Structures are given as structure tokens and as C-alpha cells.
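In what follows, a structure is listed as C-alpha cells, so that the remarks can point back to it.
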Amino acid sequence: MKVNGCDGEIRTVREKSPAPINGTGENGSRDGEELFVPPFNFAIVDNGIFRSGFPDSANFSFLKSLGLRSVIYLCPEPYPDSNLEFLKANGIQLFQFGIDGCKEPFVNIPEETIREALKVVLDERNHPLLIHCKRGKHRTGCLVGCLRKLQKWCLSSIFDEYQRFAAAKARLSDQRFIELFDISSFKHVPMSFSCSAR
């Protein structure tokens with residue numbers, strides 16, 4: 001590339017070629033720098049609470065940077081060995097609440113399972129924690145939606161958040177479940193739990 005120097009003389013400057021977009025080295029690094037790749041559908045839910053789709057080895061460096069203490073896995077399938085090894089190596093506890101991934105109209109969301117998962121979410125000793133299912137849409141969306149009810153969010157805001165992650169695959173049955181979920185047994189939850197109060 002040719003540029004004008006301060007003295008008006010035209011000089012040729014050699015441009016550095018940008019690194020290829022997908023050109024990474026070992027351990028997800030580029031030019032010696034480690035890349036942090038979040039899992040699909042990753043987002044912050046609240047202080048110390050995250051959500052996503054199923055993480056794989058490309059996401060491990062990113063997850064390690066979060067300093068996780070716990071992972072809530074909402075699928076019935078066994079957790080892959082590589083993920084279990086990552087959790088063990090980093091002192092992260094796995095809580096598995098197996099909810100079958102069903103399609104409408106045959107959706108059966110077990111209320112008691114969501115209640116048990118919420119107890120883990122609400123226990124700050126488990127934070128920071130990651131909630132995930134396969135794609136971070138339906139099962140994760142139901143659990144986060146029920147958490148939002150505890151945080152006194154209005155239903156329209158809860159549904160907006162659910163739909164943002166589920167997109168075209170939003171399920172009325174999930175939203176009905178969230179709407180009818182009874183939070184009365186969780187009345188002891190301190191209001192300081194909300195990110196807005198911290």
C-alpha cells in the first residue's frame with residue numbers, strides 16, 4: 001500500500017496479512033493467544049448464573065475463565081467423558097436433572113424436577129454456575145423462566161427472554177408451564193438474589 005509521508009514523499013508500506021478467521025492452532029489459540037469461545041446460546045442470567053447450549057471442548061477455555069463451581073445439566077443422556085474430565089480437572093460439580101426433550105403436543109415438563117434444579121440455582125454456594133441442555137432453548141428456558149418468576153419479572157418480559165433464545169422453535173407449552181409454575185414454596189428466597197439489587 002502506498003501512503004504519503006509527513007514530508008510529502010510517497011512510501012510503500014507492507015501490510016500484515018490478517019490471521020485466517022478459522023485458522024487456529026492448538027488449544028484454540030491464534031498466534032500464541034488463547035481463544036475464548038462461548039457455547040451456543042450463551043448468556044448471563046444473573047450474577048454468577050449463566051445459560052447456554054451444550055458445551056464442547058472448544059468452549060472449555062471460555063468456561064474455565066468463568067470460574068464455575070457448578071453445572072446444571074437438564075438432559076437425561078450421560079454426560080460425555082471429555083466434559084466430565086474437564087469438570088473434574090477444574091473442581092466443578094455436576095448436577096444432572098434429566099428432562100426428556102419432547103416436541104409439542106407431547107411435552108411433559110416435570111414440575112418437581114424444575115423445583116429441585118431451582119434449589120441448586122438459588123443456593124449461592126453453587127455459584128458461579130452454568131445451566132444448559134442441548135441447545136439452551138426449551139429446558140433451559142423453562143428453568144430460567146421459573147427463576148424469573150421468583151425474581152418478580154412480569155410474564156411478558158419472561159416470555160420475551162424465552163422467545164429470544166428459542167426463536168422460531170418457541171413452544172406455547174413451555175410458556176404455559178412457566179405461567180402456571182407455583183412459586184409459593186420459594187417465598188423464603190431473599191430479594192437480594194436479583195442482579196438489580198447487588
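For the sequence shown, counting from 1, position 98 maps to 98 in UniProt numbering; every step adds exactly one. C-beta: ideal position from N, C-alpha, C; glycine also. This structure is a prediction, so every number in the text was calculated from the model and none was measured.
Classify residue i: buried if its beta carbon has 16 or more other beta carbons within 10 angstroms, exposed otherwise.
i           : result
residue 137 : buried
residue 87  : buried
residue 22  : Legend: pLDDT at residue 22 = 47, less than 50; position of this residue unreliable, value from coordinates given subsequently. Per the 10 Å Cβ criterion, exposed.
residue 55  : buried
residue 67  : exposed
Please classify residue i: does DSSP put it in a helix, a strand, or coil?
i           : result
residue 181 : coil
residue 121 : helix
residue 132 : strand
residue 54  : coil
residue 71  : strand
residue 158 : helix
residue 187 : coil
residue 114 : helix
Taking the beta strand (DSSP E) that residue i falls in, what are its first and last residues?
i          : result
residue 43 : 43 to 46
residue 94 : 93 to 96
residue 99 : Residue 99 -> no beta strand (DSSP E), and no H or E assigned at all.
Quick one, are the C-beta atoms of residue i and residue j less than 7 Å apart?
i           : j           : result
residue 145 : residue 178 : yes
residue 64  : residue 90  : yes
residue 203 : residue 62  : The chain is shown from 1 up to 198; residue 203 falls before or after that span and cannot be answered.
residue 133 : residue 75  : yes
residue 129 : residue 49  : yes
Locate the alpha helix (DSSP H) running through residue i, then write down its first and last residues.
i          : result
residue 86 : 81 to 89
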